[in-house]
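Residue numbers (the working numbering), protein chains in the order written: chain A, 33 to 501; chain B, 521 to 816.
Dropping the structure here:
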């Protein structure tokens, strides 16, 4: 039991290092849970520890990865010969030369994978992943030292090439291109993704046995969604971020509404107060007030959508638009080296469509398609002179990397003067500001504040501050 | 020490199943822990995955009464916890004035803050009951932030403090289930006191079993097709992904219409049961290549 407690405490330590907040009280609950769950059932143990320590769905994948490391499903490796023996009747493997053996193993495993994807459960798939890693994932990194790699397994098995065969097997001679095919594709790709996950988990388990759990745990966990760097986001990260931003905006909206209601109460509602006093014999025990009318700022967003910062601009636009009821009015302008209004594109709820129109229909390129803040600001001021007024919060999004061109500071100073507030959100880490062609030093004194905004967490913090109670 | 309601995780499994709720391993384990550790259970997840159902099934499984506190904007102490029946108190004071001028202040004071003038609300009710009780705090995220503060005392110590009466402690701790659609983040303090269960759309096998148990007439093969299609729909980025409730509705619709296979035409005609937004319709029709379903 004490070994188990130590292990759990180590797991909690690794979770904290990965950025999942686990309080001491939750830690204690986790250990108390150990005493109650059936310890031989690994999934029950997983559920028990998750219930006591993981309180946000976004943190669950990280927990699962770490759990697999600290409570591995098995210890040790499989022997590759044993696999072929099991698959080929008569145990002919012994007599084959090395090269053939590898090919036979690969074929046997591919065959099994095909069958399991058609009809098989998770336990089978896990077993197969384990065998595949043992047989195909090992490589000698240095003389006498071996390591495991999931890409070797996936390259050898090439699971994505199984799709055509699987589709044929699933659909039979049903017509292609329709609903049935879409559904079958979805089913197969879910299975494939799961298999890849299992291979990754198995590789990590073997590495952990070799190098120690702590080492592997450090690198195993992907960045939590709210901490993903906008500039360095990969395609998978972007998908993850998109899923984060929407609920984030919704939560933010609810919280702001709640905060407003809590704020100062308005004037006394005389009629309702007198009316209510009737039930207390004319004594106004409870006073009623008119709701306070909140100040809703107008928001004008001016955003750089050139290559490097487009992901950032997209999330900020997305967030601003989801929150648009909170503002009096939202107008959006995009620029690369010239500026165009993109507000109407966002009238739809379909954000993907809005972004597509933004890139295809808006006139953003005037000269060479490299960021030109100076020209864009001039054009903005000239073409939309009424956009910035005394009630406007002007929000500029971009990294201020101006390719050493004119900065248009005079115009920006005037705009900032007209606006109620001017903020600049910069997706670059603060330490890179003013390096190279960054024009931060020119712009920073002109705006109320230049804010570092690298990830969803920082973006959320800023938006909360922007909206008054 | 009161006896626990469940003997083992398997026991949870079978008794929930008897109550009509098919739990997976994570659900069963978490419910079991909620019972053993005597901690409230916070269930979070998208709408229609059976969060409220779970609380009801637990109540049925252990033969307890379900006390429900439905949260909404503006819910306050006087509707969640208790209230003084001040109209009755006023009457009492007036009566005291009129017929017996000698009645001392303290007498009346003690009297009007007695049990007789107390209106218990769900939370107080759940604490005071001596029979097995399941307290369901539904849609916690809809309530204002102060309600969470109110819940903290009830959830961590199973007690309620009424200034005039003192602290009322539970004689028999109820099983508490809180549900949330995650429209806002609940406070850390609340989450820390709870066991957390994230209910998501179920795995293929489990969803098929749920559909079959609720609508047995649909048949194994059609249920399988239906669940596969619903899963394909969930993979699209829709405004409102179809939940289990919608899968079940869909199965009922197909049975009612006497359809025995889910081909393009059938999907096109009944898509309204599963998807409730025009945008989602168009999107799904495009992706699943349903032809002109978007023009309905």
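Glycine included, every Cβ here is placed at the ideal spot set by N, Cα and C.
Computed from a prediction, not measured in an experiment: that's the story for all the values here.
By the CB criterion at 7 Å, residue 551 of chain B and residue 76 of chain A fall outside the cutoff. The region 395-412 of chain A makes no contact with the region 304-320 of chain A; the number of CB pairs closer than 8 Å stays below 3. A check of alpha carbon separations from residue 212 of chain A across B:782, B:590 and B:665 identifies B:782 as the nearest.
Taking CB atoms only, residue 577 of chain B has no neighbour in chain A less than 7 Å away. Its chain contains 308 as the residues whose beta carbon lies nearer than 7 Å to that of residue 318 of chain A, once the 5 sequence neighbours on both sides are disregarded; these appear in chain order. A straight line joining the alpha-carbon of residue 412 of chain A with that of residue 805 of chain B spans about 40 Å.
The residue among B:542, B:777, B:801 and B:698 with its C-alpha nearest the C-alpha of residue 756 of chain B is B:801. Only those residues of the region 68-95 of chain A whose C-beta falls short of 9 Å from the nearest C-beta of chain B are listed: 68, 69, 70, 73, 75, 76, 77, 78, 79, 80, 82, 83, 84, 85, 86, 87, 88, 89 and 92. Look at residue 137 of chain A here: in three-state DSSP terms it is helix.
Along the length of the region 719-757 of chain B, whole alpha helix (DSSP H) runs at least 4 residues long occupy 724-734 and 740-755, reported in chain order. Taking a beta-carbon distance threshold of 7 Å, residue 55 of chain A counts as an interface residue toward chain B. Around residue 270 of chain A, no beta-carbon contact reaches into chain B at under 7 Å, the shortest distance being about 13 Å. Excluding residues up to 5 positions away in sequence, 432 and 433 lie with their Cβ nearer than 6 Å to the Cβ of residue 470 of chain A in the same chain.
DSSP places residue 482 of chain A within a strand segment (E or B) once states are collapsed to three. Note on geometry: alpha-carbon atoms of residue 169 of chain A and residue 231 of chain A lie some 9 Å from one another. Burial of residue 343 of chain A is indicated by the presence of at least 16 other C-beta atoms within 10 angstroms of its C-beta. In this structure, residue 553 of chain B and residue 65 of chain A form a Cβ contact; the two beta carbons are roughly 5 Å apart against a cut-off of 8 Å. Setting aside the 5 residues that flank it on each side, residue 644 of chain B is surrounded in the same chain by 601, 602 and 680, each with a C-beta closer than 6 Å to its C-beta; the list follows chain order. Between residue 65 of chain A and chain B, the shortest Cβ-Cβ separation is below 7 Å.
The C-alpha of residue 44 of chain A lies about 40 Å from the C-alpha of residue 734 of chain B. Near chain B, meaning a CB-to-CB distance below 9 Å, the residues of the region 212-229 of chain A are 212, 213, 214, 215, 216, 217, 218, 219, 221 and 222. Here residue 457 of chain A is near residue 429 of chain A, since their CB atoms are less than 7 Å apart. In the structure shown, residue 354 of chain A adopts helical secondary structure according to DSSP, grouped into three states. Legend: CB atoms of the region 301-330 of chain A lying less than 8 Å from CB atoms of chain B belong to residues 311, 312, 313 and 317. Here the C-alpha atom of residue 222 of chain A lies approximately 10 Å from the C-alpha atom of residue 752 of chain B.
Residue 700 of chain B is positioned such that its CB atom lies closer than 7 Å to that of residue 564 of chain B. Contact between residue 425 of chain A and residue 451 of chain A holds, since their C-beta atoms are separated by about 7 Å, short of 8 Å. Taking CB atoms only, residue 210 of chain A has a neighbour in chain B less than 7 Å away. Closer than 7 Å to the CB of residue 545 of chain B there is at least one CB belonging to chain A. None of the residues of the region 769-781 of chain B has a beta carbon lying less than 8 Å from any beta carbon of chain A.
Taking the Cβ atoms as the reference, residue 560 of chain B lies roughly 5 Å from residue 714 of chain B, within the contact range of under 8 Å.
Between the C-alpha atoms of residue 237 of chain A and residue 487 of chain A there is a straight-line separation of about 31 Å. Judged by DSSP in its simplified three-state form, residue 760 of chain B adopts coil rather than helix or strand. Proximity of the region 150-165 of chain A to the region 184-198 of chain A meets the contact definition, three or more beta-carbon pairs being nearer than 8 Å. Contact annotation: in the region 740-756 of chain B, residues whose CB is within less than 7 Å of a CB in chain A are 748, 749, 751, 752 and 755.
With respect to chain A, the C-beta atom of residue 557 of chain B has a partner C-beta closer than 7 Å.
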